[in-house]
Structures are given as structure tokens and as C-alpha cells.
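Residue numbers (the UniProt record's numbering), protein chains in the order written: chain R, 1 to 215; chain H, 1 to 215.
These notes concern the structure reproduced below.
2 protein chains.
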Amino acid sequence: MALAIKVSEETFTPRQQAVLTAALDLLVENGDGLTMTAVARRASCSKETLYKWFGDRDGLLTATVQWQAAKVRMPYVDRSHLNTKALRASLEQFARDLLTTLIGEVSITLNRTAITHAAQEKDSLGNIVLENGPMAVRRRLKPILEAARDARLLRFSSSEEAYRTFFGLVVRDVQIRLLLGDNGLTQSNVESNIEADVKIATDQFLALYGAKANT
Amino acid sequence: MALAIKVSEETFTPRQQAVLTAALDLLVENGDGLTMTAVARRASCSKETLYKWFGDRDGLLTATVQWQAAKVRMPYVDRSHLNTKALRASLEQFARDLLTTLIGEVSITLNRTAITHAAQEKDSLGNIVLENGPMAVRRRLKPILEAARDARLLRFSSSEEAYRTFFGLVVRDVQIRLLLGDNGLTQSNVESNIEADVKIATDQFLALYGAKANT
DNA sequence: CTGGAACCGTACCGTACGGTACGCCTCTGC
DNA sequence: GCAGAGGCGTACCGTACGGTACGGTTCCAG
Chain R
1 MALAIKVSEE
11 TFTPRQQAVL
21 TAALDLLVEN
31 GDGLTMTAVA
41 RRASCSKETL
51 YKWFGDRDGL
61 LTATVQWQAA
71 KVRMPYVDRS
81 HLNTKALRAS
91 LEQFARDLLT
101 TLIGEVSITL
111 NRTAITHAAQ
121 EKDSLGNIVL
131 ENGPMAVRRR
141 LKPILEAARD
151 ARLLRFSSSE
161 EAYRTFFGLV
171 VRDVQIRLLL
181 GDNGLTQSNV
191 ESNIEADVKI
201 ATDQFLALYG
211 AKANT
Chain H
1 MALAIKVSEE
11 TFTPRQQAVL
21 TAALDLLVEN
31 GDGLTMTAVA
41 RRASCSKETL
51 YKWFGDRDGL
61 LTATVQWQAA
71 KVRMPYVDRS
81 HLNTKALRAS
91 LEQFARDLLT
101 TLIGEVSITL
111 NRTAITHAAQ
121 EKDSLGNIVL
131 ENGPMAVRRR
141 LKPILEAARD
151 ARLLRFSSSE
161 EAYRTFFGLV
171 VRDVQIRLLL
181 GDNGLTQSNV
191 ESNIEADVKI
201 ATDQFLALYG
211 AKANT
């Protein structure tokens with residue numbers, strides 16, 4: 001029931017991190033067809049060491065995902081002096097970071113791996129990705145939204161609803177299309193439109209929830 | 001390059017459809033851990049027959065996904081006499097069908113399977129799912145939106161942007177969370193909120209794109 | 001009745017891969 | 001120098017699964 005996400009940094013040694021890097025590279029290259037032998041060869045270590053350090057294949061996968069996912073960082077926002085302009089800038093920053101992250105190959109690989117795992121009744125990877133992806137965004141964004149509401153810059157009854165609207169306006173169908181391997185949606189293709197999309201999403205969000213809706 | 005989605009119904013015989021049903025059931029139960037032996041046993045047929053009919057494991061998977069995905073139907077909407085009320089009803093119907101479909105176990109399974117495949121440089125399944133999911137919605141929704149714009153009910157410069165906004169407002173983070181196996185998001189849990197979410201999404205979309213924005 | 005096509009069930013083969021065992025090297029503390 | 005720990009490389013084992021082969025049964029055409 002409890003997510004049991006590791007809070008301590010789990011402190012991997014540099015050597016272990018090199019192994020995890022190799023695993024991630026192979027994951028990005030070959031998808032979930034990751035073999036222990038391949039990781040051992042790529043990282044120049046023995047399989048025995050892999051099993052000693054990570055227990056089994058799932059442990060290695062979990063460590064890799066966990067270690068990478070934890071690298072995702074949401075922007076810090078100064079909540080002390082919020083005004084219309086600062087709020088807009090913060091929202092745009094959130095949207096930009098969110099989009100930039102989730103169109104990256106690493107994010108796509110991690111999400112695909114976790115989804116593949118979720119298809120086998122194992123939800124641990126999915127929980128890790130969720131916790132470091134959508135939930136991290138939510139944890140960071142909600143206080144901002146609520147602060148902005150207290151400052152009469154935003155108007156909403158449920159901050160949960162407001163967060164989900166923001167998420168939807170920013171992500172749209174981009175992530176699912178990338179996960180499914182949409183040919184017409186190359187990374188560079190999306191990347192070049194990020195700024196425009198960020199602005200559109202922010203404008204729309206402010207139009208819906210901004211206190212001065214009729215400005 | 002071309003998607004080469006099969007247009008003809010491919011006309012599977014009833015016996016073949018029974019096999020595909022068995023395959024889908026196993027897919028839903030066991031995830032992508034689908035084995036030819038299991039399908040043969042479940043469908044009471046021989047493996048030789050499976051290979052004869054579908055070529056190989058991928059062929060069976062493709063046939064299953066194709067056959068199921070084609071069953072998804074978007075609502076028909078009467079474009080002839082659009083008014084504010086009819087437009088709202090149409091949008092709500094789209095939102096309801098979209099949400100209902102993609103929280104279903106079949107949809108989740110199909111998407112997971114296609115994503116797992118996309119992680120192995122095979123985009124055929126992904127294309128099938130895309131074509132029968134998001135792209136089908138787009139094909140159906142865009143003409144409505146444009147008709148509504150012609151009738152001065154909606155205001156937008158790009159129908160593509162309007163469609164993507166609608167998609168985002170409706171789907172939000174629901175699909176990705178379900179795909180990742182979010183524990184806090186059971187199907188029934190979401191299902192009970194569909195009507196409320198549909199209304200919210202439609203209201204928001206009309207607030208953004210409705211011609212009478214200040215009503 | 002007979003030949004053959006379609007298909008079921010099962011046995012079988014080859015391989016890929018997770019996991020283990022072991023020999024050898026290197027580095028460190030005493 | 002020496003013992004032991006940590007780790008590399010490789011060989012090995014067991015199994016699961018994709019794919020094939022084959023004997024037996026049913027059904028239909030002529």
C-alpha cells in the first residue's frame with residue numbers, strides 16, 4: 001500500500017553509478033531487451049558483481065530507473081513575492097521543464113520500461129516514475145497555485161483540479177504519441193515548438209483560472 | 001513511411017476471431033507475457049495453425065491489436081444544425097467516449113502492448129493504436145470544430161491547436177497514470193468521476209474557444 | 001470408398017537468457 | 001611478503017519459449 005519510495009539517496013558508489021549508466025544507455029538503445037550479459041560487458045564488470053550489488057535483473061532495473069528518475073528536478077519558485085508577472089513566469093518555467101523532460105529520450109525510455117513492467121503486475125517501476133514525474137510536478141506546483149490563490153491572482157475551488165488542468169494543457173497528446181513511437185513527431189520537431197506551446201498552455205491556464213479573467 | 005493501415009476489414013473467420021479473443025484475454029490477464037503455447041491451449045487450437053494463420057508471434061499480436069483497435073468507435077455527430085446546445089452535447093459525448101474508452105482494461109492493455117513494442121524499434125503496433133486512438137479522435141473532432149467555427153460558435157486560428165487542447169483537457173494525466181499502474185487510480189474510481197470530468201473539460205474548452213467567451 | 005485438406009495435440013529442437021560457480025588478478029592492511 | 005576481500009572473465013546450468021515436425025482425426029469432394 002505504502003509506496004515505500006526510498007528517501008535516502010541510496011548512495012551508489014561511483015563504480016555502481018557507472019554500471020547504472022551503462023544499463024541506462026543499453027535501455028535507451030535496445031529498449032527493454034536489456035540482458036544482464038550485455039550490461040556486464042558494457043560496464044566491464046562480471047555478472048556475479050551485478051547480482052551481488054543489485055540482487056537480480058529487476059533490482060538492476062529498479063536501481064537504474066530510481067537513480068535516473070531522481071535526477072529530474074522541478075524548478076524552485078520564489079513564493080514570497082508573487083505578482084501577475086512572476087506567476088506567469090513560474091508557470092511558463094514549469095511548463096517548459098515538464099515538456100523538455102518528457103520529450104527526452106531518457107524520459108521516454110524510463111516511461112516505456114515502467115509501463116512494460118506494469119503490464120506484468122509489477123508496479124514498483126511505475127510507482128517510481130509516477131512519483132518522480134507527475135507527482136513531483138504536483139507536489140511542486142500545488143503550493144504555488146495555492147499561494148497565488150491566496151494572493152488573489154488565481155481563482156479555483158480545487159487545487160487538484162487546477163493542477164490536472166495545467167498538466168493536460170501542457171502535455172496534451174505529446175507524451176502518449178511519443179511513447180507509442182509516432183513517426184510524425186520527432187523529438188526535434190517538438191523541441192522547436194516548445195516555447196510556443198509553453199506560451200499557449202500558460203495563456204490558456206491563466207485564461208481559465210486567472211483572477212482577472214476578463215482582462 | 002506510409003502507415004499502411006489495413007483498410008479492408010481483413011475478414012477474419014469466426015474461428016480466427018475466437019483465437020484472437022483468446023489472445024486478447026491472455027494479453028489482458030498476463031500482460032505482454034503472451035506465449036504461443038498459452039494462446040493455442042486457451043483457444044483449443046494447435047500452434048501449427050497459429051503460425052499458419054498469423055505467420056509468427058508478432059503477426060498474431062498485430063492481428064489482435066488491429067482487430068480490437070478497430071472496434072473503437074467515435075460518436076457520429078450531426079453537423080447540419082449546430083447550435084450552442086448541440087455543440088456542447090457533442091463535445092461532452094466526445095469527452096465521455098474518449099475517457100470511457102481509455103480507462104478500459106482493453107485500451108490499457110493495447111496501449112501497454114504497443115508501447116512495449118515501440119521500445120523495441122517496432123512501431124507497427126504503436127501506429128495501429130495511434131491511428132485508432134488519438135488520430136481517430138482528431139479526424140472525427142476536427143470537422144465538428146471547424147463547422148462550429150463556421151457557425152460562429154467557436155473561435156480559433158488553428159483547428160489542430162483546438163483539438164489538442166480538447167484532448168489535453170479531457171485526458172489530463174489519467175492515461176499515463178493508468179498505464180504506469182497508479183495504485184491510487186482504480187478504474188471504478190475514475191469511472192465514477194467521468195461525468196463530472198466531462199463537464200469540467202467541456203466547460204473549460206468552451207471558455208477558451210467559445211465565441212461568447214464572456215457569457 | 002478414397003484421397004486430400006484442414007486442423008488438433010503433442011513431442012521435439014535450438015537458442016537466448018537469468019542465475020551460479022569458479023579460477024585468476026589486483027589492491028589493501030598488517 | 002602475505003592473507004583476504006573485492007572484482008573480472010568465462011564457463012556452465014536450467015528453463016522458458018519461439019518455431020517446426022508429425023501422427024491422428026474430422027470433414028468434404030468426387
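Every residue, glycine too, gets a C-beta built ideally from N, C-alpha and C.
A residue is called buried when at least 16 other Cβ atoms come within 10 angstroms of its Cβ; Gly133/H meets this threshold and is buried. Around the Cβ of Thr13/R, a 10 Å sphere holds fewer than 16 other Cβ atoms; the residue is exposed.
Going by C-alpha positions, Arg96/R is about 12 Å away from Ser192/R. Inclusion of Leu180/R and Val28/H in the CB contact set at 7 Å is not warranted, their separation being larger than that value.
Rounded to the nearest angstrom, the gap between the Cα atoms of Leu169/H and Ser46/R is 49 Å. Judged by DSSP secondary structure, Gly168/H falls within the alpha helix (DSSP H) whose first and last residues are Ser159 to Val171.
Straight-line spacing of the CA atoms in Arg138/R and Leu153/H works out to 34 Å.
Separation of Trp53/R and Gln16/R (C-alpha to C-alpha, rounded to the nearest whole angstrom) is 8 Å. Under the Cβ criterion of 7 Å, Asp182/H is counted among the residues facing chain R. For the options Ala151/H, Asp173/H and Ile144/H, the alpha carbon positioned closest to that of Ser159/H is the one of Ile144/H. Chain-order list of chain H residues neighbouring Leu208/R: Gln204, Ala207 and Leu208, by C-beta distance under 8 Å. Going by beta carbons, Phe94/H and Leu141/H fall inside the 7 Å limit.
Of all residues in the region 18-51 of chain R, only Leu27, Asn30, Gly31, Asp32 and Gly33 come within less than 9 Å of chain H when Cβ atoms are compared, listed by chain position. A direct Cα-to-Cα measurement between Asn30/R and Ala119/H gives close to 7 Å.
In the same chain as Thr37/R, and ignoring 5 residues on each side of it, the C-beta atoms closer than 8 Å to its own belong to Lys47, in chain order. The residue from Glu161/H, Gln66/H and Asp150/H with its alpha-carbon nearest to that of Thr84/H is Asp150/H. Of the residues assessed, Asn127/R falls on the buried side of the cut-off, its CB having 16 or more other CB atoms within 10 angstroms. At the C-beta level, Glu92/R and Val198/R come within 7 Å of one another.
Assignment of Leu154/R by DSSP, reduced to helix, strand and coil, places it in the strand class.
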